[in-house]
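To start, the structure itself, in structure tokens.
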Amino acid sequence: CAESLQDPSLPSLMGRLAQAVGGDINPLVLQFTESDVISYLKLAINNIHEFREQGCGISISNFGASLQALDTLNMVEATMVKLERNFVSDLSNEDNFKAAQKLVQSVNDTGREVILSYIESPTAMSKAWSMGARYLQGYYLQEPQSRMTVAEEG
Numbered sequence: 033c034a035e036s037l038q039d040p041s042l043p044s045l046m047g048r049l050a051q052a053v054g055g056d057i058n059p060l061v062l063q064f065t066e067s068d069v070i071s072y073l074k075l076a077i078n079n080i081h082e083f084r085e086q087g088c089g090i091s092i093s094n095f096g097a098s099l100q101a102l103d104t105l106n107m108v109e110a111t112m113v114k115l116e117r118n119f120v121s122d123l124s125n126e127d128n129f130k131a132a133q134k135l136v137q138s139v140n141d142t143g144r145e146v147i148l149s150y151i152e153s154p155t156a157m158s159k160a161w162s163m164g165a166r167y168l169q170g171y172y173l174q175e176p177q178s179r180m181t182v183a184e185e186g
């Protein structure tokens with residue numbers, strides 16, 4: 033949220049938390065909305081740099097909602113983006129698919145990863161994967177749970 037993006041003490045706190053959960057081995061990823069990053073761009077550039085210095089990953093959610101999305105991405109050290117819902121709401125529509133594919137390719141060309149949410153069918157999953165998104169979320173994969181479970185490695 034905007035308040036956490038503006039908090040100058042948060043980067044060092046997140047750095048300590050990232051170290052506690054495994055640092056670079058299992059990075060902590062913080063997510064800010066594109067609109068908050070744009071609204072507080074100077075602060076976002078500085079704080080996101082600090083978060084990255086502390087070993088945290090950064091995701092920009094609702095990405096692509098503004099006309100300056102790619103310009104904003106080039107100014108901040110985000111590691112991934114989560115596309116705005118309109119890009120993935122109907123991937124069976126060829127125009128929607130092409131628009132989403134173009135944005136995913138543009139993001140991938142910058143070396144960042146893409147998260148696509150709202151994957152609700154096998155068709156949407158196949159199309160999302162084929163356009164280059166490697167992180168997928170949605171009811172087709174798993175419904176939200178009331179409790180978090182962690183699989184034991186073994």
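Under the numbering used here, the first residue of the sequence shown is numbered 33, with each subsequent residue one higher. Think of the CB as a built atom: it goes at the ideal place given N, C-alpha and C, for glycine as much as any other residue.
query: Tell me which same chain residues have a C-beta within less than 7 Å of the C-beta of A101, skipping the five on either side of it?
result: E66, F95
T111 - DSSP class collapsed to helix/strand/coil: coil
message: Between which residues of its own chain and L105 is the CB-CB distance below 8 Å, once the five residues before and five after are set aside?
response: Around L105: I92, F95, V113, V139, T142, R144.
query: Is it right to say Q51 is buried, meaning 16 or more other beta carbons lie within 10 angstroms of its own, or is it exposed?
result: With fewer than 16 Cβ atoms within 10 Å of its Cβ, Q51 is classed as exposed.
message: What ranges does the beta strand (DSSP E) occupy inside the stretch 59-121, keeping only unbroken runs of at least 3 residues that lie completely in it?
response: 61-65, 89-95, 112-115
query: Could you check where the alpha helix (DSSP H) with L14 kicks off and where it finishes?
result: Past the edges of the chain, shown from 33 to 186, lies residue 14, and the structure says nothing about it.
query: I147 bridges to which residues according to DSSP?
result: K114, Y167
- prompt: Which stretch, first to last residue, makes up the alpha helix (DSSP H) that contains E126?
  reply: Note, E126: alpha helix (DSSP H), 126-141.
- prompt: Can you round the beta-carbon distance between I80 and V108 to whole angstroms, since I take them to be within the 8 Å contact cut?
  reply: 5 Å
task: Can you grab the Cα-Cα spacing for the pair K74 / A165, in whole Å?
output: 29 Å
Simplified DSSP assignment, three categories, for S153: S153 falls in the coil class under three-state DSSP.
- prompt: Whole-angstrom Cβ separation of A110 and F119, contact assumed at under 8 Å?
  reply: Actually they do not touch by this definition, with Cβ atoms about 17 Å apart.
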